[in-house]
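To start, the structure itself, in structure tokens.
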Amino acid sequence: MGNCGSSPSTTTRVGRPAAAKVIHVDGRLQEFPVPVRAGQVASQNPGCFLCSSESMFLDTHIPRICEGEELQVGHIYFLVPLAHAHNPLSLPDLCALAVKASAALAVSPPAAAYARRGCRTNGRPAWDHMTTPGRGNRGVKS
1 MGNCGSSPST TTRVGRPAAA KVIHVDGRLQ EFPVPVRAGQ VASQNPGCFL
51 CSSESMFLDT HIPRICEGEE LQVGHIYFLV PLAHAHNPLS LPDLCALAVK
101 ASAALAVSPP AAAYARRGCR TNGRPAWDHM TTPGRGNRGV KS
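In the working numbering, the protein residues as written are 1 to 142.
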């Protein structure tokens with residue numbers, strides 16, 4: 001998150017249209033294949049703000065997405081409780097978000113269809129690019 005690049009695509013590996021993905025506080029995944037503004041999503045989730053997974057860095061405040069900004073296809077967004085708006089993002093918080101996103105994406109229809117076709121990933125967790133014992137602090141902006 002933050003240091004992982006993603007390139008928008010118009011279709012997924014299983015041929016479904018790509019979408020902007022929003023991970024809710026409860027871990028639920030909501031996909032938007034058509035353009036939607038951040039304010040539309042935030043207004044349906046009082047007490048939360050929307051942030052992009054690509055702009056989250058350790059020990060910094062989580063930047064809110066402007067209400068008028070359009071969510072980008074192929075990107076992952078998080079709804080975060082307003083209570084966390086002024087707290088720096090800690091490593092446990094970032095890991096919790098990574099686990100939540102990984103779980104939500106694993107049960108999404110495209111991922112499930114991909115798995116049913118016998119396709120496998122390398123089995124590494126989504127947050128493996130972060131600190132791994134004995135491997136240093138790779139991929140984490142400090």
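Each residue gets a CB set at the ideal place from its N, CA and C atoms; glycine is no exception. Since the structure is predicted, the reported quantities are computational estimates derived from the model, not experimental observations.
{"Asked": "Within 9 Å, strictly: CB atoms of VAL41 and LEU89", "Found": "no"}
{"Asked": "Whole-angstrom distance between VAL25 and VAL36, CA atom to CA atom", "Found": "19 Å"}
{"Asked": "Cβ neighbour criterion (16 or more within 10 Å) applied to VAL107", "Found": "exposed"}
{"Asked": "Identity of the residues DSSP links to SER52 by a beta bridge", "Found": "TYR77"}
{"Asked": "Three-way DSSP call (helix, strand, coil) for LEU58 in this model", "Found": "coil"}
{"Asked": "Residue range of the beta strand (DSSP E) that includes GLN30", "Found": "29 to 32"}
{"Asked": "Same chain only: Cβ atoms within 7 Å of ALA19, ignoring 5 sequence neighbours per side", "Found": "GLU31, PHE32, PRO33 and VAL73"}
{"Asked": "Per-residue DSSP class, three states only, for ASP26", "Found": "coil"}
{"Asked": "Boundaries of the alpha helix (DSSP H) in which GLN144 is found, first to last residue", "Found": "Since the first residue of the chain shown is 1 and the last is 142, residue 144 is not available in this structure."}
{"Asked": "Own chain residues within Cβ distance below 7 Å of CYS51, not counting five before or after", "Found": "ILE62, PRO63, ARG64, ILE65, TYR77, PHE78 and VAL80"}
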